[in-house]
Amino acid sequence: MFIKSFKFYKSKTTEPDFSEVLDFQDPNEKFVDKKRIEVKGNESYFSLISPKEWQCYEIKDRPGLIFIRNPFTPSGQRFWISRCLKDYPKSPNVVNLNPKQFSKEAINDWWNCFQTEKNDCERKRLKVSMRWTTLGYHHDWDTKVYSENMKNKFPQDLADLTKFFATTLGFENYSAEAAIVNYYPIGTTLAGHTDHSEANLDAPLFSFSFGQKAIFLLGGQSKDEKPSAMFLKSGDVVVMSKSSRLCYHAVPRVMSCELEPYNNFNSNEPEEKKCKIVNDCDDENFWTPFRHYLKDSRININIRQVLNKGQLEL
Ligand SMILES: O=C(O)CCC(=O)C(=O)O
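Throughout, the working numbering is defined as the position within the sequence shown, counted from one, plus 10.
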């Protein structure tokens with residue numbers, strides 16, 4: 011059932027029927043519950059609107075899945091997008107680019123190479139080949155085993171952001187220790203899988219989406235179950251906790267989206283909400299290369315806690 015749905019939404023020969031895809035812009039109350047979040051404290055966090063204003067949902071037959079509809083401010087989105095493109099793919103973080111096909115410079119600082127490349131054909135190759143970078147404990151795609159030998163410092167800003175979501179949603183003692191940043195040019199997909207390599211399978215998985223929209227499938231713990239399909243748009247946050255933590259999920263389609271909150275904004279966010287770096291993102295000269303990249307691409311940051319509480323290493 012999972013594979014059938016994946017193929018259905020992936021189809022390029024005929025445009026699939028999207029009528030069963032949940033759209034949280036206009037949530038159908040038959041399938042979706044509006045979740046009340048008990049806000050811990052009165053604080054907000056840079057790049058986010060106040061948790062009191064978050065639109066937070068649960069899906070009726072998918073316990074443990076929490077969907078927060080874009081809680082990012084427009085310049086907050088710009089900040090995380092620029093981190094994902096310009097900074098996170100830099101060495102010592104690991105990227106998928108093959109050393110037989112790409113220069114050391116590209117593998118060490120992909121965005122810089124992509125921006126300075128003059129040859130259009132090579133620029134295109136650099137763009138479409140970049141599919142992931144890993145942070146913290148690096149995901150080993152072959153063995154699927156994390157190790158202390160394959161680990162770098164996890165970016166503090168991303169750890170703090172994830173911790174803020176975790177605490178606000180009532181997940182205590184959360185620690186972000188591994189992330190995959192996925193880059194999806196339109197037309198690419200991610201096959202059905204479960205994330206089960208972490209020693210800690212109780213801590214929730216956090217997923218932040220930016221850029222063009224995706225269809226996300228969330229099924230059960232076996233591929234026999236028909237998955238729910240939902241749109242993920244720029245800024246949307248998905249939390250897979252409790253019984254959804256080990257469920258099959260996939261991205262069968264990335265498609266263009268009418269909403270581009272990172273492009274269309276007048277910079278009237280209160281100054282006190284911004285830090286210097288977010289102010290830089292408001293500068294259109296700074297933003298232009300990111301705008302170009304996102305015209306036909308999506309980015310997803312997928313964050314996991316690896317260790318159990320009190321565990322210091324693997
Ligand atoms: O792109 C997404 O929304 C999901 C990514 C994902 O499932 C993963 O990185 O394991």
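From the three backbone atoms N, C-alpha and C, an ideal C-beta is built for every residue, glycine too.
Because the structure is a prediction, the values reported are computed rather than measured.
Practice item. Using beta-carbon positions only, say whether residue 145 and residue 98 come within less than 8 angstroms of one another. Key: Yes, these two residues count as a Cβ contact at 8 angstroms.
Exercise for review: Identify, in the order they occur along the chain, each residue of the same chain with its Cβ nearer than 8 angstroms to the Cβ of residue 117, setting aside the five sequence neighbours on each side.
Suggested key: 101, 105, 107, 109
Review point. What first and last residue would you give for the beta strand (DSSP E) that runs through residue 139?
Key: Careful: residue 139 lies outside any beta strand (DSSP E), inside the alpha helix (DSSP H) at 130-139.
Check your understanding: Should residue 16 be labelled buried (16 or more other beta-carbon atoms within 10 Å of its own) or exposed?
Key -> buried
Review point. Do residue 207 and residue 258 have their CB atoms nearer than 8 angstroms?
Key: Not closer than 8 angstroms, so no.
**Study point:** Cβ neighbour criterion (16 or more within 10 Å) applied to residue 201
**Key:** Counting Cβ neighbours within 10 Å, residue 201 comes out exposed, since fewer than 16 surround it.
Review point. Should residue 302 be labelled buried (16 or more other beta-carbon atoms within 10 Å of its own) or exposed?
Key: exposed
Check your understanding: What are the start and end residues of the beta strand (DSSP E) that includes residue 334?
Key -> Residue 334 is absent from the structure shown; the chain starts at 11 and stops at 324.
Review point. Residue 230 bridges to which residues according to DSSP?
Key: Per DSSP, none; premise fails for residue 230.
Exercise for review: Measuring alpha carbon to alpha carbon, tell me which of 129, 136, 128, 130 ends up nearest residue 119.
Suggested key: In this structure, 136 is the residue among 129, 136, 128, 130 with its C-alpha nearest to the C-alpha of residue 119.
Review point. Leaving out five residues before and five after residue 76 in sequence, what residues of the same chain have Cβ atoms less than 7 angstroms from its Cβ?
Key: When the five nearest sequence neighbours on each side are left out, the beta carbons in the same chain lying within less than 7 angstroms of the beta carbon of residue 76 are those of 45, 66, 68, 179, 249, 251, in order along the chain.
Practice item. Output the distance between the C-alpha atoms of residue 165 and residue 224, rounded to the nearest integer angstrom. Key: 26 angstroms
Review point. Per the contact definition of three or more C-beta pairs closer than 8 angstroms, is the stretch 126-140 in contact with the stretch 73-88?
Key: Taking a cut-off of 8 angstroms on C-beta distances, the stretch 73-88 does not touch the stretch 126-140, as fewer than three cross pairs fall below it.
Check your understanding: Say the cut is 7 angstroms; is the CB of residue 207 nearer than that to a heavy atom of ligand 1?
Key -> Residue 207 has its CB no nearer than 7 angstroms to any heavy atom of ligand 1.
Check your understanding: Straight-line CA distance for residue 20 to residue 233?
Key -> 17 angstroms
Exercise for review: Just mark residue 149 as buried or exposed, buried being the case when its beta carbon has 16 or more other beta carbons within 10 Å.
Suggested key: buried
**Study point:** Bridge partner(s) assigned by DSSP for residue 189
**Key:** 145, 313
**Study point:** Residues near residue 184 in its chain [Cβ-Cβ closer than 8 angstroms; skip 5 each side]
**Key:** 172, 173, 176, 177, 213, 214, 315
Review point. Relative to the alpha-carbon of residue 260, which residue among 205, 27, 113 has its alpha-carbon at the smallest distance?
Key: 205
Practice item. Ignore the nearest five residues each way along the sequence and tell me which others in residue 48's own chain have a CB closer than 8 angstroms to its CB. Key: 180
Review point. When the distance is taken between beta carbons, is residue 310 closer than 8 angstroms to residue 218?
Key: yes
Check your understanding: If we ignore side chains and look at the alpha-carbon of each, how far apart do residue 63 and residue 128 end up?
Key -> 45 angstroms
Exercise for review: Name the residue from 35, 82, 90, 73 whose alpha carbon lies nearest to the alpha carbon of residue 291.
Suggested key: Considering only alpha carbons, the answer is 90.
Practice item. Would you mind working out which of 247, 13, 256, 241 sits nearest residue 268, comparing C-alpha positions? Key: 241
Point to revise | Exposure label - residue 29; buried when at least 16 CB within 10 Å | key: exposed
Exercise for review: Would you tell me roughly how many angstroms separate the C-alpha atoms of residue 199 and residue 93, rounded to the nearest one?
Suggested key: Answer to the nearest angstrom: the Cα atoms are 22 angstroms apart.
Review point. Within the present structure, is the beta-carbon of residue 247 separated from the nearest heavy atom of ligand 1 by less than 7 angstroms?
Key: no
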